[in-house]
Amino acid sequence: MKFKALTAAAALIVAMPVMSLADPDDDQLVINGDLEITTKAAAPAHMEETGIDTIMSGWHFRSDETQALEMDDFDNPGMIFVDKAIDTWNAVEGSAGKSCASCHDDPSSMKGVRAVYPKWNEEAGEVRTIAAQVNDCRKTRMGAETWKYDGDDMAAMEALITLQSRGMPVNVAIDGPVQAVWEQGKDLYYTRTGQLDLSCASCHEQNYGNMIRADHLSQGQINAFPTYRLKNAKLNTVHARFKGCVRDTRAETYKPGSSEFVALELYVASRGNGLSVEGPSVRN
Amino acid sequence: MASGVKPRVKAPKSAAAGEVVTIKTLISHKMESGQRKDKEGNLIPRSIINRFTCDFNGQNVIDVELFPAISTNPYFEFEATIPEAGDMKFTWYDDDGSVYEDSKSIQVG
Chain A
3 MKFKALTAAA ALIVAMPVMS LADPDDDQLV INGDLEITTK AAAPAHMEET GIDTIMSGWH
63 FRSDETQALE MDDFDNPGMI FVDKAIDTWN AVEGSAGKSC ASCHDDPSSM KGVRAVYPKW
123 NEEAGEVRTI AAQVNDCRKT RMGAETWKYD GDDMAAMEAL ITLQSRGMPV NVAIDGPVQA
183 VWEQGKDLYY TRTGQLDLSC ASCHEQNYGN MIRADHLSQG QINAFPTYRL KNAKLNTVHA
243 RFKGCVRDTR AETYKPGSSE FVALELYVAS RGNGLSVEGP SVRN
Chain B
1252 MASGVKPRVK APKSAAAGEV VTIKTLISHK MESGQRKDKE GNLIPRSIIN RFTCDFNGQN
1312 VIDVELFPAI STNPYFEFEA TIPEAGDMKF TWYDDDGSVY EDSKSIQVG
């Protein structure tokens, strides 16, 4: 009898469609009941050889409870940091006696910025991330001390700037002057590192939707950064996440803000062209 | 006073008489447990919100005691029956004696 029951159970398992527990869901992300977010989109043309035809926000890979935290700004703990950044935005700092607001008025003037960064800065002759731009502003225009690249102040300010573009499609340029950097980022994406010999693609291209120990592997999209993580109860920046990932391959990591990570950010951002800017988001 | 403390409340602006409404509250607070040590090995003194209350027109709705195991930025969500129009008063009590307040008016009709 017991044997029969076991056989029946085994048969049931075999009969179930091949679907892993970690597969992304089909929920729809609507924030505050009115802002529809594009969390699934057709892959951009440059991803043709990757075999991915639909790009997906990491939101789809999280549990219903975690997803719900992002659907109402009051429930989203990332908004606490946005509030702090608004105070910082208006606070005068540095030898020039200026605040962010002195030049940029209201934070809403930053609308659209997050969607196109990292981007080429003609004057500096380099690819700039938002964080690099913020620190450049602090140093040269405000005469203030620069922030730690992936520190709390920077993460909060990035969240405030990101929020202004929330819902707009990510659209970073990959050609023209940035092309060389983009190619470098692509190389890094496919370069295996560390004792575990893993590249970004090993997990986020070939194995998204599978479990990595107890966690779900997403496509590694960065459209939703900065991200409030339940595990450390604070906002996390893209470069801090890159660092964590590379460290997990048991490699020496590049530094947040380094040219390598800037290139990787540009490349990974371009893999999300078409998804909505979603930050500040909530993940576990 | 602990730094960066800011109370937030989300409540409906109006309700039908006798309706049960959902109230959400959150206060940003570091909720230092008193168990952690700093780099030199000295105990960081406890600094938490130890009590939270909500009153409606002077009548108590909830009264909560908080303890050190509650994590940073404590969030409370609860339901309340609104019998008549009035003011909902929220109060948070800090270990250091500070009291943070917020209030919301709710119309009936």
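Sequence lines, in order, name chains A and B. Going by the working numbering, the letters in the first sequence line up with residues 3 to 286, in that order. Going by the working numbering, the letters in the second sequence line up with residues 1252 to 1360, in that order. Note that beta-carbon positions come from the ideal geometry of N, C-alpha and C, so glycine has one too.
Since residue i contacts residue j with CB under 8 Å, what's their CB separation in whole angstroms?
i       : j       : result
G1255/B : K86/A   : 6 Å
L37/A   : I88/A   : The pair is not a contact, with the Cβ atoms about 19 Å apart (cut-off 8 Å).
G1337/B : S1265/B : Not really, about 12 Å apart at Cβ, beyond 8 Å.
D55/A   : A43/A   : With 8 Å as the limit, D55/A and A43/A do not qualify as a contact, their Cβ atoms being about 10 Å apart.
F1341/B : P1263/B : Actually they do not touch by this definition, with Cβ atoms about 15 Å apart.
C102/A  : W91/A   : 4 Å
V172/A  : G274/A  : 5 Å
R143/A  : K100/A  : 7 Å
N225/A  : V264/A  : So it is not a contact: roughly 17 Å between Cβ atoms.
E1335/B : A1267/B : In fact, because the Cβ distance is near 11 Å, the residues do not count as touching under 8 Å.
Just curious, the alpha helix (DSSP H) that residue i is in, first and last residue?
i       : result
A43/A   : Run containing A43/A: none in the alpha helix (DSSP H); it sits in the beta strand (DSSP E), 42 to 44.
N137/A  : 132 to 138
M156/A  : 154 to 166
K188/A  : 181 to 191
F1327/B : That residue, F1327/B, is in no alpha helix (DSSP H); its beta strand (DSSP E) goes 1326 to 1333.
V1350/B : Unbroken run through V1350/B is the beta strand (DSSP E), 1350 to 1359; no alpha helix (DSSP H).
E125/A  : Neither: E125/A is in no alpha helix (DSSP H) and is coded neither H nor E.
F63/A   : F63/A -> no alpha helix (DSSP H), and no H or E assigned at all.
K236/A  : That residue, K236/A, is in no alpha helix (DSSP H); its beta strand (DSSP E) goes 236 to 238.
Among the residues of its own chain, which have a CB less than 6 Å from the CB of residue i, if the five just before and after it don't count?
i       : result
T148/A  : N137, R140, K141
F1303/B : V1315, W1343
M81/A   : D75
H206/A  : Q221, G222
A133/A  : Y151, M156
D108/A  : none
I1295/B : E1283, R1287, D1289
Quick one: residues in its chain with C-beta nearer than 8 Å to the C-beta of residue i, no 5 flanking neighbours on either side, listed in chain order?
i       : result
S204/A  : R194
K236/A  : F83, D154, A157, Y230
E262/A  : Q186, L190, Y256
P19/A   : Residue placement at P19/A is flagged as unreliable, the pLDDT there being 46, under the threshold of 50; the coordinate-derived value follows with that caveat. Correct list: empty, nothing qualifies.
E1270/B : T1332, I1333
Quick one: give me the first and last residue of the beta strand (DSSP E) that residue i is part of.
i       : result
G80/A   : Counting along the chain, G80/A falls outside any beta strand (DSSP E), though it belongs to the alpha helix (DSSP H) covering 80 to 92.
K1261/B : 1257 to 1261
F263/A  : That residue, F263/A, is in no beta strand (DSSP E); its alpha helix (DSSP H) goes 261 to 272.
D199/A  : No beta strand (DSSP E) holds D199/A; DSSP gives it neither H nor E.
K1340/B : 1337 to 1345
D1314/B : 1310 to 1316
R116/A  : Unbroken run through R116/A is the alpha helix (DSSP H), 115 to 118; no beta strand (DSSP E).
S1254/B : Here S1254/B belongs to no beta strand (DSSP E), and DSSP marks it neither H nor E.
S283/A  : 283 to 285
Where residue i and residue j are concerned, what is the direct C-alpha to C-alpha distance, given to the nearest angstrom?
i       : j       : result
S283/A  : L165/A  : 10 Å
Y250/A  : M213/A  : The sequence given here places Asp at residue 250/A; Tyr does not occur at that position. One C-alpha to the other measures close to 15 Å.
A17/A   : H62/A   : Confidence at A17/A is low in this model, with a pLDDT of 48, below 50, so its placement is unreliable and no value can be given for it.
N1324/B : G114/A  : 30 Å
A117/A  : S272/A  : 10 Å
Y1351/B : Y1326/B : 14 Å
R215/A  : T52/A   : 24 Å
N123/A  : A182/A  : 14 Å
Y191/A  : T68/A   : 28 Å
G211/A  : P26/A   : 6 Å
C1305/B : Q197/A  : 55 Å
E266/A  : A175/A  : One point to set straight first is that residue 266/A is Leu, not Glu, in the sequence displayed. Each residue's Cα considered, the two are about 14 Å apart.
V270/A  : R64/A   : 20 Å
N78/A   : E72/A   : 5 Å
S1354/B : V94/A   : 31 Å
D66/A   : E125/A  : 45 Å
Q1358/B : K233/A  : 40 Å
Among the candidates the options, whose CA atom is the shortest distance from the CA of residue i?
i       : options                            : result
H241/A  : K233/A, G259/A, S272/A             : G259/A
Q223/A  : S65/A, L277/A, C105/A, D29/A       : L277/A
G178/A  : S104/A, K121/A, S97/A, M81/A       : K121/A
N1301/B : N1311/B, Q1310/B, I1357/B, E1283/B : E1283/B
I1321/B : V1312/B, S1298/B, C1305/B          : S1298/B
E160/A  : F227/A, G211/A, L200/A             : F227/A
L1277/B : K1261/B, K1288/B, G1285/B, R1287/B : K1261/B
Q1310/B : P1319/B, I1333/B, A1268/B, V1271/B : I1333/B
Q1286/B : D1353/B, P1319/B, Q1358/B          : P1319/B
L1317/B : D1353/B, L1294/B, Q1358/B, H1280/B : H1280/B
T239/A  : Q208/A, R285/A, D199/A, H218/A     : R285/A
Q30/A   : A47/A, M58/A, E50/A                : M58/A
G60/A   : H48/A, G127/A, G246/A, L219/A      : L219/A
M170/A  : T40/A, D28/A, V32/A, E254/A        : T40/A
A70/A   : I33/A, G246/A, D199/A              : I33/A
G294/A  : C202/A, H48/A, T131/A              : It is not possible to answer for residue 294/A, since the shown part of chain A is limited to 3 through 286.
D199/A  : R243/A, D217/A, S111/A, V248/A     : V248/A
Excluding the 5 residues preceding and the 5 following residue i in the sequence, name in chain order all residues of the same chain whose CB lies nearer than 7 Å to its CB.
i       : result
F1307/B : A1331, G1337, M1339
F1329/B : I1274, I1313
G145/A  : G96, S97, A98
L268/A  : P120, V129, V174, V180, V183, W184, G187
A253/A  : T195, G196
Quick one: which chain C residues come within Cβ less than 7 Å of residue i?
i     : result
P79/A : Among the chains of the structure shown, chain C does not appear; the protein chains present are A and B.
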